[in-house]
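Residue numbers (the working numbering): 76 to 334. Ideal Cβ positions, reconstructed from N, Cα and C, are used throughout, including at glycine. Inspection log for the structure reproduced underneath, given as structure tokens.
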Amino acid sequence: MSPTPIYQSLHEERAVPGGRRIVLEFHAGDAEGVPAVLLLPAAARAAPAALLIHGYSSHKEQMADTVGEALLQRGIASVAIDLPLHGEREATIEPLSVGHPFELARRWHDAITECALALNYLAVRSEIDRQRLALVGYSLGSFLGVIVAARAPLVRAVVLAAGGDLPSGTPFGKLVRSVADPLRAVRALHGRPLLMLNGKWDRTVRPEQAERLFAEAGEPKELRWWDAGHYLPPAAIADGAEWLAGVLSSTTREQMGEG
Numbered sequence: 076m077s078p079t080p081i082y083q084s085l086h087e088e089r090a091v092p093g094g095r096r097i098v099l100e101f102h103a104g105d106a107e108g109v110p111a112v113l114l115l116p117a118a119a120r121a122a123p124a125a126l127l128i129h130g131y132s133s134h135k136e137q138m139a140d141t142v143g144e145a146l147l148q149r150g151i152a153s154v155a156i157d158l159p160l161h162g163e164r165e166a167t168i169e170p171l172s173v174g175h176p177f178e179l180a181r182r183w184h185d186a187i188t189e190c191a192l193a194l195n196y197l198a199v200r201s202e203i204d205r206q207r208l209a210l211v212g213y214s215l216g217s218f219l220g221v222i223v224a225a226r227a228p229l230v231r232a233v234v235l236a237a238g239g240d241l242p243s244g245t246p247f248g249k250l251v252r253s254v255a256d257p258l259r260a261v262r263a264l265h266g267r268p269l270l271m272l273n274g275k276w277d278r279t280v281r282p283e284q285a286e287r288l289f290a291e292a293g294e295p296k297e298l299r300w301w302d303a304g305h306y307l308p309p310a311a312i313a314d315g316a317e318w319l320a321g322v323l324s325s326t327t328r329e330q331m332g333e334g
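The structure is reproduced here in structure tokens:
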């Protein structure tokens, strides 16, 4: 847990099927606020929860309205955030391109820091069972998510959708890997359950990238292929949500490493 207090500003709260949807912003200290959508199940007891990390040029609502809703139907809370230069924070996403390598590295570092803060934000909420936290990332969110999960023992299970290793021959590859190396990170999950969901025809994160990452991961792990490109079908979202619900509900705290 971070010793720095986390502050929040609530913008909207309303009932939705299965629980509540809260639009808010949180931050630590004087750092920039992180816009978020929090979905909380209606159940009275503390619920498992997942951090949802969107892809390049996407936003928090895309994750909340798809993955978040699927998890809510299964009694799992979630928080989806806008990464730097995305969603409500969008000015231009050009600095995230390989044409600006040092800005790319800085923004990735900021994103990783904010994702860690989001996990801590979930962990301190009374509605959340901090012993059953997970992470779900899509595309860019998968690249960042595996880094975050590797550094955060709070994360007990990981779902990576359309994720994999960096492309071979990535410009400034050494610089990027110095900030965020998916292969090194996935090896550091230390036996936490991992599910990868990938499209057989993906040309953005190619199958060989997914296979490289999967090969480096320890057990338990599973790679499920879909007849799709980079955008996975709704059935894949439901499949990942069902897998995560099973992991978080059937695995005891001792099995999940609490001791």
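Contacting residues, own chain, Cβ-Cβ under 7 Å from residue i (five flanking each side not counted)
i: P242; result: Q284
Buried or exposed (CB count within 10 angstroms, at least 16 for buried), residue i
i: A183; result: Looking at the sequence shown, residue 183 is not Ala but Trp. Result: buried.
i: S153; result: buried
i: R267; result: buried
i: D302; result: exposed
Inter-residue Cα distance where the pair is residue i and residue j
i: L258; j: D240; result: 6 Å
i: L171; j: S253; result: At L171 the pLDDT is 49, less than 50, meaning the model places this residue with poor confidence; the figure from the coordinates comes in the next sentence. If you take the alpha carbons of L171 and S253, they lie about 16 Å apart.
i: A118; j: I156; result: 23 Å
Residue from the options with nearest C-alpha to residue i
i: P228; options: H265, T188, D204 and G216; result: H265
i: L235; options: L99, L269 and A260; result: L269
i: P309; options: G94, S201, E144 and L160; result: E144
i: V211; options: D256, P116, V223 and S132; result: V223
i: M271; options: A193, T79, A290 and A122; result: A290
i: A313; options: L115, A111, E107 and R149; result: R149
Residues near residue i by beta carbon distance below 6 Å, same chain, minus five either side
i: Y196; result: I81 and F101
i: S217; result: L235 and G238
Residue span of the beta strand (DSSP E) that contains residue i, given as start and end
i: L269; result: L269 to G274
i: Q284; result: From DSSP, Q284 is part of no beta strand (DSSP E) but of the alpha helix (DSSP H) over P282 to E291.
i: I206; result: Correcting the residue type first, residue 206 is Gln in the shown sequence and not Ile. Q206 -> beta strand (DSSP E) spans I203 to Y213.
Contact test: residue i Cβ vs the ligand GDP heavy atom, cutoff 8 Å
i: T188; result: The ligand GDP is not among the ligands present in this structure, which contains no ligands whatsoever.
Cβ shell of residue i (< 8 Å), same chain only, five flanking positions each side left out
i: H305; result: S214, A237, G274, D277, R278, T279 and V280
i: I88; result: The displayed chain sequence assigns Glu, not Ile, to residue 88. So the qualifying residues of the chain are R95, R96, I97 and V98.
i: L323; result: P123, I151, R207, A209, R231 and A232
i: V109; result: E100, F101, H102, I156, D157, E189, L192 and A193
Extent of the continuous alpha helix (DSSP H) run through residue i
i: Q137; result: K135 to M138
i: A145; result: E144 to L147
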